[in-house]
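The next block holds one structure in the form of structure tokens; read it before the comments.
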Amino acid sequence: MKIAVVGLGAMGGYMAARMLAAGFAPTALVTPRHLEPLRRDGLRLESEGRRNAYPVAATDDPAELGPQDVVVLAVKATSLPAIAPRLGPLVGPRTLVVAAMNGVPWWFFHGLDADQAGAPIESVDPGGAISAALPPAVSIGCVLHLAASMPEPGLVVHAFGNRFLLGDPMARGSGSPGRVGPIVEVFRASGMDAVVAEDIHADVWYKLWGNMTMNPVSALTGCTMDVILRDDDVRGFMSRAMLEAGEVANRFGIRLPVTPEERHAVAAQLGAFKTSMLQDVEAARPIELDALVGSVVEIAGRVGVDVPHIRTLLGLARLRARQLGLY
């Protein structure tokens, strides 16, 4: 199976390193600043007290890689509208595109709501540029439950978690692995805890349910998750925003399996953890505000659900990000 990983940040680097360690040969499409460290030092993974380095074939030119069986997208949502039109050389007639990214993906309405699928989600797919380059029919969803960071190009530091949920949006409720099955097998053979998702749309929304509140609150306050959750007023505000997002999900037949408080209890187990958005703020990188929060507001507007708490959070985080030059 020919696999190309687009973006060797913390998540893409983790997946690629696991595959390389297991004897697979994924290639990588990266930004120019990553090329020299990767060619000099290889892709390095630090996990469970050990650090290993793996040679990886990396380039910044998709034409050098050619058509793939699987393309794993592991870039920031803010980057994808510009990157997607460049990926044509990687996508052949049988290529599957695995979206291993935060937030609401461009394919979300496909397989979920035919009426909404005709128009792009502008907050994540402005002008439909991503959908035009990567049709939802070739897209596979991937929800990651792990924490990792990249302190320098080419070095992935894995903190915890190793869970991957992969699902075909067009086969919702089919009960069959279908075209996702072979990808899951490669992930499993690489030591990743990968499963075929029964409802990838619900899995996306469940992860988003926590991220859409915790990420912007952490970016606004500079606080880790444990500190945020100890503040009853902030915790209550986030719960009310989550209830609004749950109502949006209900309009599409998605039922979240726990209450906001139960979701907070899961998050509290992570302790003094910095969200990805807080890490981006500290590194002066653009934040994924539209994919994590703006998309929820946009979808809520489409289906007529009032989301005042989510709107407030979006506005506050947007002002802060603009002040910092990150939005």
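Here the sequence shown is numbered in our numbering, starting from 786 and rising by one per residue. Note that the Cβ used here is the ideal one computed from N, Cα and C, for glycine as well.
| For the ligand GDP, is there a heavy atom less than 8 Å away from the beta-carbon of N1035? | The model on display carries no ligand, and the ligand GDP is accordingly not part of it.
Checklist line | Unbroken beta strand (DSSP E) run spanning T1097, endpoints | finding: It is not in any beta strand (DSSP E) - T1097 instead sits in the alpha helix (DSSP H) that spans P1093 to L1109.
Exercise. Using alpha carbons as the reference points, say which of R1025, G834, I1013 and F972 lies closest to A1057.
Key: I1013
DSSP three-state assignment for G926, whether helix, strand or coil = Three-state DSSP puts G926 in a strand.
Going along the chain, which residues of its own chain have a beta-carbon closer than 7 Å to the beta-carbon of V1019, five neighbours each way excluded?
-> V1002 and I1013
Note to self: I believe D908 touches E1083 by the beta-carbon criterion, under 8 Å. Please report the beta-carbon distance rounded to the nearest angstrom.
What the structure shows: The question names Asp, but residue 908 is Ser in the sequence shown. Their Cβ separation, rounded to whole angstroms, is 5 Å, which keeps S908 and E1083 in contact under 8 Å.
Which same chain residues, not among the five before or five after R963, have their C-beta less than 6 Å away from its C-beta? Note on residue identity: the sequence assigns Gly, not Arg, to residue 963. D953 and A956.
Legend entry - Best match in E833, G792, D910 and N1000 for proximity to L814 [C-alpha to C-alpha]: G792
*Use the C-beta contact count for A867: other C-beta atoms within 10 angstroms, 16 or more gives buried, fewer gives exposed.*
exposed
**OP:** For D984, count neighbouring C-beta atoms within 10 Å of its own C-beta (all shown protein chains included) and say buried if the count is 16 or more, exposed if not.
**Re:** buried
Y1112, DSSP secondary structure in three states
coil
Q: Throw me the rounded Cβ distance for the A862 and A1076 pair, which I believe falls under 8 Å.
A: 4 Å
Q.
My parser needs the alpha helix (DSSP H) runs of 4 or more residues fully inside the stretch 888-927; what are they?
A. Whole alpha helix (DSSP H) segments, 4+ residues: 899-902 and 914-918.
**Prompt:** For the candidate residues F972, L1005, T1009 and L820, whose alpha-carbon lies nearest to that of A1106?
**Reply:** Answer by Cα proximity: L1005.
Q.
Could you check whether Y799 and H943 sit closer than 9 Å to each other, using their CB atoms as the reference points?
A. yes
*Three-state class that DSSP yields for V791 in the structure shown*: Of the three classes helix, strand and coil, the one that applies to V791 here is strand, per DSSP.
For M935, I'd like the list of residues in its chain whose CB is within less than 8 Å of its CB, leaving aside the five on either flank, ordered along the chain.
Result list for M935: G794, A795, G798, V941 and V942, in chain order.
Cβ distance (whole Å) where L850 is taken to contact T880 below 8 Å
At roughly 11 Å, the Cβ-Cβ gap does not stay under 8 Å, so L850 and T880 are not in contact.
Can we say the stretch 1089-1097 touches the stretch 1040-1059, given the rule of at least three CB pairs closer than 8 Å? no
Quiz prompt | Beta-carbon spacing of L1028, P1045 below 9 Å | solution = yes
Does DSSP classify P1001 as helix, strand or coil? helix
- Rank G913, R973, P878 and V981 by C-alpha distance to the C-alpha of V928 and give the top, closest one. V981
Next on the checklist: Measuring straight from C-alpha to C-alpha, what distance separates A885 and Y991?
Outcome noted: 15 Å
Could you give the distance in angstroms between the alpha-carbon of L823 and the alpha-carbon of L1104? 36 Å
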